[in-house]
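Asker: Numbers given in the working numbering equal positions in the sequence shown, counted from 1, plus 864.
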Amino acid sequence: MSSYEEESSVIYDDTQESGKDYRQGGYHPVELGDLFANRYLVVQKLGWGHFSTVWLCKDTLHDTFIAMKVQKSAPNYTEAALDEIDLLMKISKHHNEPLWATAVKQYHKEEKSHIEKHGISINHCYVVQLLNTFSHTGPNGTHVCLVFEVLGVNLLEIIKFYQYKGIPINLCRNISKQVLIGLDYLHRICGIIHTDLKPENVIVQLTQAQVKELFIKGRIETREPLAPVVKEMKMPIYKEIDDRNSESDTENIKEVDEKKKKKIDKKKRYRKRKQEQKKQMKEMQKVLGENTTAAGQEKKKKKKKKSKKNKGENPQKTDSLSGFPTEESLNTAEIDPNLKIKIADLGNACWLDRHFSTEIQTRQYRSPEVILGINYNHTADVWSFACMLFELLTGDFLFDPRTNDNFGKDEDHLAQMIETLGIMPREWALSGQYAKKLLNRIGELKNIKQLKIWLLHDVLIEKYRFKIQEADELCSFLSPMLVFRPEKRCTAEQALKHNWLNQGNNDFKMSEEEYQDYINLCENKRVETLQRYEHEGYASSPEVPQEYSGEDCDEEDNSSTGSWFSEDTNPDMFAVHEEEYHQQFIIR
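(1) Is R1349 closer than 8 Å to W1247 when the C-beta atoms are compared?
(2) What's the gap between the Cα of L1015 and the Cα of D1209?
(3) Taking one C-beta from the region 1311-1320 and one from the region 1275-1284 each time, how about it: are there three or more such pairs within less than 8 Å?
(4) Strictly by DSSP, which residues pair up with G1005?
(5) How would you label E1096, buried or exposed, when you count the other beta carbons within 10 angstroms and need 16 or more for buried?
(6) Is it the case that the region 893-902 contacts the region 962-982, given that we only count it when at least three CB pairs across the two stretches are under 8 Å?
(7) Since S916 is in the alpha helix (DSSP H), which residue starts that stretch and which ends it?
(8) In this structure, does DSSP put G1046 in helix, strand or coil?
(9) Three or more C-beta pairs closer than 8 Å, one from the region 1263-1282 and one from the region 1367-1383: is that the case here?
(10) Does the contact criterion of 3 or more C-beta pairs under 8 Å hold for the region 1000-1007 versus the region 927-944?
(11) At 3 residues or longer, and completely inside the region 1057-1081: list those beta strand (DSSP E) runs for me, N to C.
(12) Does the region 1258-1269 touch the region 1047-1065, meaning 3 or more C-beta pairs lie closer than 8 Å?
(13) Could you check what DSSP says for G1055 in three-state terms: helix, strand or coil?
(14) Using the C-alpha atoms, what's the distance from E1337 back to R812?
(15) State the DSSP-derived secondary structure class of M932, mapped to helix, strand or coil.
(16) What number of angstroms, rounded off, separates the C-alpha of K1029 from the C-alpha of C1386?
(17) Near H988, what residues of its chain come up, given a Cβ to Cβ distance below 6 Å and the 5 sequence neighbours on each side ignored?
(18) Return the first residue and the last residue of the alpha helix (DSSP H) that Q1358 is part of.
(19) From K1391 to E1398, what distance separates their C-alpha atoms?
(20) If you draw a straight line from the C-alpha of A1335 to the C-alpha of V1347, how long is it?
(21) Since I believe D1245 is in contact with L1061 (beta carbons under 8 Å), could you give me their beta-carbon distance rounded to a whole number of angstroms?
(22) With distances taken from CA atoms, which of R1396, R1290, F1249, L905 is nearest I1045?
(23) Distance, Cα to Cα, Q1410 vs A1356?
(24) Starting from K969 and walking both ways along the alpha helix (DSSP H), at which residues does that stretch end?
(25) Applying the criterion that 16 or more other CB atoms from any shown protein chain within 10 Å of the CB defines a buried residue, is D1200 buried or exposed?
(26) Report the CB separation of N1018 from E1064 in whole angstroms; it is logged as a contact under 8 Å.
(27) Give every residue of the same chain whose Cβ lies closer than 6 Å to the Cβ of W964, excluding the five residues on either side of it in the sequence, and list them in chain order.
(28) Note the first and the last residue of the continuous beta strand (DSSP E) segment covering V907.
(29) Between the alpha carbons of E975 and T1071, how many angstroms are there, rounded?
(30) Ignore the nearest five residues each way along the sequence and tell me which others in C1214's own chain have a CB closer than 7 Å to its CB.
(31) Only counting the same chain, and skipping five residues up and downstream in sequence, which positions put a Cβ closer than 8 Å to that of L1216?
(32) What's the call for A1073, buried or exposed, on a 16-neighbour Cβ count within 10 Å?
(33) Thinking just about the alpha-carbon of each residue, which of E948, I930, W912, K981 is nearest to the one in L920?
(34) How many whole angstroms separate the CB atoms of L1010 and S956, which I take to be in contact at a CB cut-off of 8 Å?
(35) Using DSSP bridges, identify the partner residues of N1018.
(36) On the criterion of 16 or more Cβ atoms from any shown chain inside 10 Å, does R1218 qualify as buried, or is it exposed?
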């Protein structure tokens, strides 16, 4: 098994690590009340991963709380920990470099005077901080221990909080700017590629007061096991699999290790998630600084009383019917738009000039060069960021490939990219190590002959009802990050210069009336286009190859699964955009 596979394999069906792994080369038997390095007092277990167990500790030297990861003691685990430490030490030590100080002042113009007075903080880097590292010898060997700051919930939890309908656009802008600053720091200053950027690996910062209050009130609880490496810093820990991702996660695990997939018990995860829903919601509200208005609280109380009176039910039971906030609660509660985040989980990271694996990134955020087996660089993280931002805004994956009897997941992934972004550069695509498995000699997909074109700009308008101007601005921000060739893709530093990050418009969705006007306009254009083509003697656009024109749809369906298509999608809507699609091919 490759190191990538080993680090990515997580057992989800046990609530505790295997007792068999408490042996020579395995876990260290940590007990509550143990003191590590004469300062870290173990107060609670946070979780465990394939490589380590993780503990909430009180730093008696500074009277603060930290997260301590205790690695297994076998040589391969020690080596992995030392590689991770090298990366994390680089991150922790270079935030005062003059080049970065100049950049921070540019990125935080509103804090320029404060920065000049107090200097650059590691928090200006928006990357998780390694606080300490040491070795601890026990009955099972010598274990590397890593000490981290304690962080809060991840962005996936915020996506869930907004019921997968997209989080507020200004909150997206705030998060986007911080993530891009973090990537710029990793790439330019540290020479590091994260390689696994996704919502789960972007974590909300907590103050020590919040951590202490959560601990005192018993809100930090041992939950399901953590993914290995740095996910140990997330607190409180949520490790259930949501319904939207269950199929993808299962398939991804199959790619990693078929044996691990057999251990997944979907029903057990579902039951556990139901049991934790109410507590999870309370934790979300506490950690994210949600404020409920007095009117909203009063309305909620009245609703509970009415429910209890009419149905004889406990009010708490009516609250726990859903793990996500209702439309009503979202109207009276908001996540702090000024929250601070940090990029976490550097366990799969590598150096710009020294890659540890060719297989990187979680499937939905994977860049085309990785799929094709072409050398990647730091802009692989930028591709992942663009996919993540789309998910934050809409609640949906930008790309979510599937497999069937006719084609594999990699081919479907490329098909979805082409459908949304345009054709890949042929010579570049054919240079990939895996190109022969996916493409024919002229660069076409081997098994998917019919593509369903729906460009990103049109998806934003037609599916998510973005106003045309808002879709224009967002696409101008995203498109340079979604260029196929990594050397032509924009960097995080370049993306930070885009105006979209500094806009303050919250009204970006069409009203029902505006949307109907747009649909009517599209229909009129479609009719005009067809009439023009008929007059010129063409059955379809003369500039679009037949395989992209939507003809011969009755043949055997070897088409891509498509990220955006549903049964109620109107295929006529796409005909209007074929000329634009062809123009995009020319540009690319």
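Glycine residues also receive a C-beta, built at the ideal position from the N, C-alpha and C atoms. Keep in mind it's a predicted model, so treat the numbers as computed, not measured.
Answerer: The relevant details are as follows:
(1) no
(2) 12 Å
(3) yes
(4) G1002
(5) Any reading at E1096 must be qualified, since the residue scores a pLDDT of 33, below 50, and its modelled position is unreliable; the value itself is stated next. With 16 or more other Cβ atoms within 10 Å, it is buried.
(6) no
(7) Run containing S916: none in the alpha helix (DSSP H); it sits in the beta strand (DSSP E), 916-923.
(8) helix
(9) no
(10) yes
(11) 1066-1069
(12) no
(13) coil
(14) The structure shown does not extend to residue 812, since the chain spans only 865 to 1452, so no value can be given for it.
(15) M932: strand per DSSP, three-state reduction.
(16) 25 Å
(17) V968
(18) 1356-1359
(19) Reading off the sequence, residue 1391 comes out as Val, not Lys. Between V1391 and E1398, the C-alpha separation is close to 11 Å.
(20) 18 Å
(21) 5 Å
(22) Cα-wise, what sits closest to I1045 is F1249.
(23) Only weak support is given to the placement of Q1410: the predicted model assigns it a pLDDT of 36, under 50, and the value that follows is read from those uncertain coordinates. So the two alpha carbons sit approximately 38 Å from each other.
(24) 962-971
(25) With fewer than 16 Cβ atoms within 10 Å of its Cβ, D1200 is classed as exposed.
(26) 5 Å
(27) I1053
(28) 904-912
(29) 20 Å
(30) I1057, T1059, F1220
(31) Answer for L1216: H1051, G1055, I1056, I1057, N1241, H1242, listed in chain order.
(32) Per the 10 Å Cβ criterion, exposed.
(33) I930
(34) With a Cβ gap of about 12 Å, L1010 and S956 do not count as contacting.
(35) Note: N1018 sits in a beta bridge opposite I1067.
(36) Classification for R1218: exposed.
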